[in-house]
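Chemist: First the structure, which I've put down as structure tokens, then a few questions once you've had a look.
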Amino acid sequence: MRTFDIAIIGGGIAGLSLAYFLSPFRSVVVLEQEGALGYHSTGRSAAEFTLRDNAPLVNALARASHDFLMQPPEGFADVPLLIKRGSIILGTAEKTALVRARFEAAKALGVAVEWLDEAAMLARAPMLDPAYAAAAYFDPDYWDIEVDALLQAYARHARRNGAQILEGQTFSGARRVAGAWRIETGGDTISASTLVNAAGGWADAVATLSGVAPAGIVPHRRTAITVDLPGGIDASRLPEINEIEELFYFKPEGGRLLASPADATPCEPADVQPEELDIAYAAHYVEEVTTLSVRRVFKSWAGMRSFSADRLPVIGPAKDEPSFFWLAGQGGYGILTSPALGSLSAALLTGSSMPEPLAREGITAETFSPSRFS
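Residue numbers for the sequence shown follow this note's numbering, beginning at 826 and rising by one.
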């Protein structure tokens, strides 16, 4: 039986970012059920970074993550982690006032947003249909995230710090024995003083199998497709395109156009697959909002976004078992907030002071604590 200070269940972006920040100070093992890291939510994310347009506390976590992602520690990654993309935020004529209000709010913050007339909009995204997109502005502060580079960098540096990252480890249960967790993973047994639940859509199941009350983390399915772009449109130069109320979003992906109906359908934790109806919705939005005709869906997939009851992360020790630590409920923002949430969790687990980027945003140990649901 191998013994560690901390065992992390889940080898997605949450578990690996924590392993990176924690491994200089504690012995760490990461247990991932699949044969590859980041297989579920992390590997299927549309992976955008923005400082705005999300819930206030998510925006705060994004701001606290920005500097790490923009200028990571020397030698952390082999490529830039953020690639400038920009976004067109648009709406129909009926939503002009809403689009204008969002534009004015960003402008008041000093953001170099640009209101787009038809010609300016089509110069940035020639396939958009002005009959639908009657109101639009351009926000420069959107970036693509190099997800795999970020994930692998977290894992690589955690290993260099002595962390063990084990794949193919099916979690079958855990129990407290003589002041430590005895963790069963399909024939193998791990002992750890603290158990971290970074299991994404399986977070409540991991809690139940550990004799800890679930936190009400519910996975939701989100769908995406890619379709061909006509000749003459350089996908690499296109911005993201976001509907003002998140009915859909588009972005370039591998020389094609990625489209999502921004669905969030509650589901069981699983290797989720796209539903035909959601694929059809995505294709419908492409044809309604652009001048493209979808003759073939090149690729379709789905991923899980896991939410708590208030749609904010759950970070901290369980109310009924202080040695069981929640790192769950990121709600689709786990990649862009991973530097903040990883460093926050490491600070809480080691009893360290709050990292300065988080303290600057007013985030405390109580902000995302499971105790808020009591």
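Yeah, the Cβ is synthetic: ideal placement off N, Cα and C, and Gly gets one too. Source: prediction; values computed, not measured.
1. Do the stretch 1068-1084 and the stretch 1159-1174 make contact, defined as three or more Cβ pairs closer than 8 Å?
2. Suppose contacts are defined by Cβ-Cβ distances below 8 Å. Is A1084 in contact with F1075 by that definition?
3. Please classify M946: does DSSP put it in a helix, a strand, or coil?
4. Under the assumption that E939 contacts Y962 (Cβ atoms under 8 Å), give the Cβ distance between them as a whole number of angstroms.
5. With a cut-off of 8 Å, does the C-beta of G1041 fall near any C-beta of chain B?
6. Give the DSSP-derived three-state secondary structure of G1025 in the structure shown.
7. Which of the three DSSP states is assigned to N879 in this structure?
8. List the endpoints of the continuous beta strand (DSSP E) containing R981.
9. Assuming G860 contacts G993 under a Cβ cut-off of 8 Å, what Cβ separation, rounded to an integer in Å, is found between them?
10. Identify which residue in A933, L1166 and K1144 has its Cα closest to the Cα of G1154.
11. Quick check: what's the CA-CA separation for V1002 versus L1034?
12. Measure the CB-CB distance between F1150 and G1156 and report whether it falls below 8 Å.
13. For A926, which residues of its own chain have a beta-carbon under 6 Å away from its beta-carbon, when the five flanking residues on both sides are left out?
14. If I'm right that F874 touches A885 with Cβ under 8 Å, what's the distance once you round it to whole angstroms?
15. Quick check on the DSSP output: what are the complete beta strand (DSSP E) runs of length 3 or more inside the stretch 1019-1064, in order along the chain?
16. Note down the Cα distance separating S912 from N1067, rounded to an integer number of angstroms.
17. Locate the alpha helix (DSSP H) running through E1113, then write down its first and last residues.
18. When DSSP builds the beta bridges, which residues end up paired with V853?
19. Which stretch, first to last residue, makes up the beta strand (DSSP E) that contains P1147?
20. Since I believe L1020 is in contact with A832 (beta carbons under 8 Å), could you give me their beta-carbon distance rounded to a whole number of angstroms?
21. Below 8 Å between beta carbons: does that hold for V1043 and F928?
22. With 16 other CB atoms within 10 Å as the buried threshold, where does S1177 fall?
23. Note down the Cα distance separating R1197 from G1159, rounded to an integer number of angstroms.
24. Could you tell me the alpha carbon to alpha carbon distance between T1116 and G900, rounded to whole angstroms?
25. What's the call for T1051, buried or exposed, on a 16-neighbour Cβ count within 10 Å?
26. What residue does the alpha helix (DSSP H) around G1128 start on, and which one ends it?
27. Report the residue from A1049, S1148, E1146 and G840 whose alpha carbon sits nearest the alpha carbon of A1108.
28. Where do the ends of the alpha helix (DSSP H) carrying E1181 lie?
29. Buried or exposed: which applies to V854, given that a residue is buried once 16 or more other Cβ atoms fall within 10 Å of its Cβ?
30. Between A1087, R877, S890 and D1059, which lies nearest to A933 when the distance is taken from Cα to Cα?
31. Please say whether S1194 and S890 have beta carbons closer to each other than 8 Å?
32. Measuring straight from C-alpha to C-alpha, what distance separates E943 and L894?
33. Which one or two residues does DSSP pair with F1073 in a beta bridge?
34. Under the rule that 16 or more other beta-carbon atoms within 10 Å means buried, what is L1102, buried or exposed?
35. Could you tell me whether the Cβ atoms of S848 and N1022 are closer together than 8 Å?
Modeler: Concretely, from the data shown:
1. no
2. yes
3. helix
4. 6 Å
5. Here chain B cannot be found, since the structure has a single protein chain.
6. helix
7. coil
8. That residue, R981, is in no beta strand (DSSP E); its alpha helix (DSSP H) goes V972 to R985.
9. 5 Å
10. L1166
11. 15 Å
12. no
13. none
14. Contact flag wrong, Cβ pair sits at about 14 Å.
15. 1043-1052
16. 7 Å
17. E1101 to V1114
18. I831
19. E1146 to A1153
20. 5 Å
21. no
22. exposed
23. 20 Å
24. 44 Å
25. buried
26. No alpha helix (DSSP H) holds G1128; the beta strand (DSSP E) holding it covers V1122 to F1132.
27. A1049
28. E1181 to R1185
29. buried
30. R877
31. no
32. 34 Å
33. According to DSSP, which records beta bridges pairwise, F1073 is partnered with nothing at all.
34. exposed
35. no
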